[in-house]
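Residue numbers (UniProt numbering): 1 to 940. Glycine residues also receive a C-beta, built at the ideal position from the N, C-alpha and C atoms.
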């Protein structure tokens, strides 16, 4: 064992720069005339300077609009630098190397430096600027002094000479020495450095005040153009109206147009192609005249224009921008396909419609809106002529920027509109904006709306006025409930038209505040001062006035109401005249946290809730049931979370709701529910209904897919009436009896928690993907299908299972058996190649588990292996070192006294509980541990 520990402590892996070279792009073509993604790449020793000098330098560079790459990940010495970092070095115009006293102690930094020097030797377009931070240039050049001591630890490394050569070369470049510039004052020193670099960056031709916050976006487009420099490049800049597409395209055009044999910026393609006097023919003529700088070029028609463009431009390297395209016909007339142009030509297309680009086989680049930090200088430049707010206007400026929500057009228009106004004038403008946006902004934004088909327009207006801020699936449920049966297609169209966006995780629908205001303005416009004639209502004061005075009409289709002071009685009575109401969202909880009084009783003959309703969500519904007069024959979704409802219908009446698909009584006072009244139900959520003691299936619910029964009082549950369930959550502490279908072919997710069940039979659930069984302390038997090919995750906590058979789950990725104090045996098949997907094996707290199967070493993808507090485990499999992906091994609280020799072949392994084991062999000082000294890293 002592020999093993000695090996562990003494062996150190040295990375040969040739390894780095092999990770880089295989292309060795020249980067002459390259357009760079980053202006500056910072190379530095993180422990020395990240939170001090380099942090301040990075901040100063970015504030100047200089796009800077700074690696923000603390990496362990000895690791190979990442492909991403190599690419960032390749993609940077300037390499700023901050030589600090401990820079050379990091093999990571030295690898970085070697790569930078390779780039420097290969091209004249990338430049090195060394900064000597509290070290002398001679110390770096000769590896002496404190710097030399830091480098000394690498003397025996294979790459030592290459690193020496790189240091000598880098130190010979003209740079900046902190000790000799600005009297050593870091603030002034940084200003000088940033100013020098700023002057070296190629200027951009467009006006500076229009490009504030745009440099990153410009460089992003430029880097896309440069991907295949000798090919024909067609790229699309796509985004919402007023988002800066034209400004971005113009800036790129101005910066690179001199590199081409001819260029043309064709503006307003959409508007001009629709003109009777101009049309596509005139745009074709402009393109040819611009490229050849001749005004006597004419075409007789669009077809001839296509032929002329193809014939004349196929032999000339050109840059063409087609701005504001909205139809594939326009593209086919002006840039039919890549064969029209000579290699090296660049065609840039701006549009609001993503589908126009994709239908022309052009990959879209979406324009990101400005952050508040980027938007404020742009606004101030237009409002004050400077990039910072004038004293006294700071808070108002921030309020305007927040209102504009990153839209450059709005920021620019409002800045110009507010320029020269008093503080009172600013406040007045801000107040009016919330009722009626500026005309210049509205007109541009509405262009995307007017081109929509009628059905998509209705979907858009519903989204804008319903204040939907939720997942795509939930949005689809709302829209489909309201009769938009092609909701997903509609969302796709709105996304392509840049009227909505999808969140970064791909799960949420997002609508820009200005787009929301535009939609609401469209609703208001026909009857601006008569809200009772609007199709959608969302203003609380207007809704309360209409309901309290019973001014409702058939015009109203949607209401989104957050209650303030209106009583439940007035609210209900006010709905009666809205005979075509299809959507109602109500939140009736007062400011003091109480629901409005539900003591008022329904009149049995008066209709309160319109029968036309298709979607009804009433949070804090104050009554114990729905009124008898509500027929609900059109209802698709009924959602009443946090409500006082005890039973569905007044007096226990039973009504069959054939159209109802979604039912949600989360955290309500519901006591009993018969799903026989909802034969076509798809989803049921009664989570948190602590009084629910009975769920009946008097009829089969063949459409039912999702049920959440968590935290109810159910003791028995018979799910044989729901054979097509896909997802089931039953976190019920009182559950003692569960009946399930003999075959459950569609069940994917099963979540059981806290039950008193002793047996769980899931043999009919062959297609299960996720199984979660927690706190089922009486569970002794788990029966599963003999071959669960789709099961990827199992988590079982606190059960009394004695064995678990891995052979049933060949494609498992995660297995967590924790606190299973009766588990004696983990059965593993001989052919564990079947379990090649397993990444996590957590067996913590299985106190009687003794033996770990030897063939566990065949799990090639295993990353996490936990045996914490498995006190009976004494031996690890000898071939554990074959687990080449293993990252964490937890043996804390076990009786393991011997580590297999093969484990020392694993790189970057974290062993929890290892320090105590080492100390038992007398090793205390040689090992590097975590701060709390509970684990260490094995890094060979």
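Quick test of your reading: residue 460 and residue 494, contact by CB under 8 Å. State the CB separation rounded to the nearest angstrom. 6 Å
Give the DSSP-derived three-state secondary structure of residue 905 in the structure shown. helix
Is it right to say residue 219 is buried, meaning 16 or more other beta carbons lie within 10 angstroms of its own, or is it exposed? buried
Taking only the alpha-carbon atoms, compute the straight-line gap between residue 252 and residue 259 and give it to the nearest angstrom. 12 Å
Determine, using beta-carbon pairs with one atom in the segment 394 to 404 and one in the segment 352 to 361, whether at least three such pairs fall under 8 Å. no
Any contact of the segment 326 to 336 with the segment 345 to 353, i.e. 3+ C-beta pairs under 8 Å? yes
Let's test the definition: count the other Cβ atoms within 10 Å of the Cβ of residue 692 and tell me whether it reaches 16, buried, or not, exposed. buried
Express the C-alpha separation of residue 131 and residue 262 in angstroms, rounding to a whole number. 42 Å
Let me know the secondary structure DSSP gives residue 795 once reduced to three states. strand
Mark residue 244 as exposed unless 16 or more other C-beta atoms lie within 10 angstroms of its C-beta, in which case mark it buried. buried
Report the partner residues of residue 366 according to the DSSP bridge assignment. 238
Three-state secondary structure assigned by DSSP to residue 609: coil
Same chain only: Cβ atoms within 8 Å of residue 848, ignoring 5 sequence neighbours per side: 821, 822, 823, 824, 872
Cutoff 6 Å; reference residue 160; Cβ partners in own chain excluding five residues on either side: 154
Would you kindly work out how many angstroms separate the C-alpha atoms of residue 412 and residue 268, rounded to a whole number? 19 Å
Taking all protein chains shown into account, decide if residue 827 is buried (16 or more other Cβ within 10 angstroms of its Cβ) or exposed. exposed
Would you mind working out which of 416, 368, 422, 430 sits nearest residue 398, comparing C-alpha positions? 430
Work out the CA separation of residue 482 and residue 636 for me, nearest whole Å. 8 Å
Among the candidates 886, 850, 868, whose CA atom is the shortest distance from the CA of residue 859? 886
For residue 727, the first and last residue of its enclosing beta strand (DSSP E): 727 to 731
Residue 546 lies in the alpha helix (DSSP H); which residues open and close that run? 540 to 548
Which whole-angstrom value is the C-beta distance of residue 665 and residue 640, which I expect to be below 8 Å? 6 Å
Grab me the residues of residue 531's own chain with a C-beta within less than 6 Å of its C-beta, minus the 5 sequence neighbours each way, in chain order. 542
Could you tell me how far apart the beta carbons of residue 509 and residue 515 are, in whole angstroms, since I believe they sit closer than 8 Å? About 12 Å separates the two Cβ atoms, so there is no contact after all.
Quick one: what's residue 562 bridged to in DSSP? 587
Inter-residue spacing [alpha-carbon to alpha-carbon] between residue 201 and residue 39: 7 Å
Whole-number beta carbon distance between residue 658 and residue 679, since they are thought to touch under 8 Å: 7 Å
Note down the Cα distance separating residue 402 from residue 538, rounded to an integer number of angstroms. 21 Å
Residue of 861, 234, 384 minimising C-alpha distance to residue 341: 234
Hey, quick one: how far does the alpha helix (DSSP H) through residue 246 stretch, first residue to last? 245 to 256
Rounded to the nearest angstrom, what separates residue 32 and residue 297 at their Cα positions? Summary for residue 32: the model assigns pLDDT 36, below 50, so the residue's position carries little reliability; its value from the coordinates is reported in the next sentence. The alpha-carbon atoms of residue 32 and residue 297 are separated by roughly 35 Å.
Locate the alpha helix (DSSP H) running through residue 163, then write down its first and last residues. 160 to 171
When the cut-off is 8 Å and only beta carbons count, does residue 569 lie next to chain C? In summary, chain C is missing from the structure at hand, where a single protein chain is found.
Report the three-state DSSP secondary structure of residue 556 (helix, strand or coil). coil
Just list the beta strand (DSSP E) runs in the segment 286 to 369, keeping only unbroken ones of 3 residues or longer that don't cross its boundaries, in chain order. 318 to 325, 346 to 351, 363 to 366
Closest to residue 102 by CA distance: which of 146, 84, 65 is it? 146
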